[in-house]
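Just below is one structure, and these are the notes that go with it.
Residue numbers (my numbering): -16 to 154.
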């Protein structure tokens, strides 16, 4: 996952791509439309600062029209959920000033495309390319006035790109 924050102060560290783990479940509402919950956890790496951790949960819809011949499948997805972000307390490099832990939350929407290869009746390998959009930010982590401790404001988690690779179980 690569988060691209908006509104960051001059001198703020740029985030680096970080790992994400996610579990999803869905049920077929009609043959091409599935709906279900997801829960995930992400580690947002920052050079010179502790990693931001974001835990999220929500609902996701998946539309999979029969465009490709079996065993291939393709789909589009959209979703909405709540994300809770946390940055642990730490000391600034150089000055050694103490920065207290910060937390915040936001509404996150997601959309993307997927491609899967059905291995047999129960297993499928897949890849998804997705985008996430953060809205309605709250909490100390997203307050541009910051803690007054000399750390530049990191910005809001307004946009992210992801490439997911995984294995699906069908029951």
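All C-beta atoms, glycine included, are put in the ideal place defined by N, C-alpha and C.
Asked                                                                                                                                                   : Found
For residue 76, count the other beta carbons within 10 Å of its own beta carbon; 16 or more makes it buried, fewer makes it exposed. Which is it?       : exposed
Is the distance from the Cβ of residue 143 to the Cβ of residue 7 below 8 Å?                                                                            : no
By Cβ distance below 8 Å, which residues in the same chain neighbour residue 119 in space, the five residues on each side in sequence not counted?      : 89, 90
Do you know offhand how far residue -1's Cα is from residue 41's?                                                                                       : 25 Å
Count the other CB atoms within 10 Å of the CB of residue 140; is the residue buried (16 or more) or exposed (fewer)?                                   : buried
Identify the continuous beta strand (DSSP E) that holds residue 9 and give its terminal residues.                                                       : Where residue 9 is concerned, there is no enclosing beta strand (DSSP E), given that its DSSP letter is neither H nor E.
Output yes or no for whether 8 Å exceeds the beta carbon distance between residue 146 and residue 96.                                                   : no
Relative to the alpha-carbon of residue 33, which residue among 10, -6, 152, 70 has its alpha-carbon at the smallest distance?                          : 70
Rounding to the nearest angstrom, what Cα-Cα distance links residue 60 and residue 124 in this structure?                                               : 29 Å
With DSSP as the reference, identify every bridge partner of residue 21, one or two as the case may be.                                                 : 7, 41
So residue 150 and residue 108 are supposed to be a Cβ contact under 8 Å. How far apart are they, rounded?                                              : 6 Å
Considering residue 111, what are the terminal residues of the beta strand (DSSP E) in which it resides?                                                : 106 to 121
Have a look at 87, 11, 93, 104 and flag the residue whose alpha-carbon is nearest the alpha-carbon of residue 122.                                      : 87
Out of curiosity, what's the CA-to-CA distance linking residue 80 and residue -5?                                                                       : 16 Å
Based on the DSSP secondary-structure assignment, which residues constitute the bridge partners of residue 90?                                          : 65, 118
Among 58, 64, 14, whose alpha-carbon lies nearest the alpha-carbon of residue 20?                                                                       : 64
In chain order, what residues of the same chain lie with their CB nearer than 7 Å to the CB of residue 26, ignoring the 5 residues before and after it? : 1, 2, 34, 36
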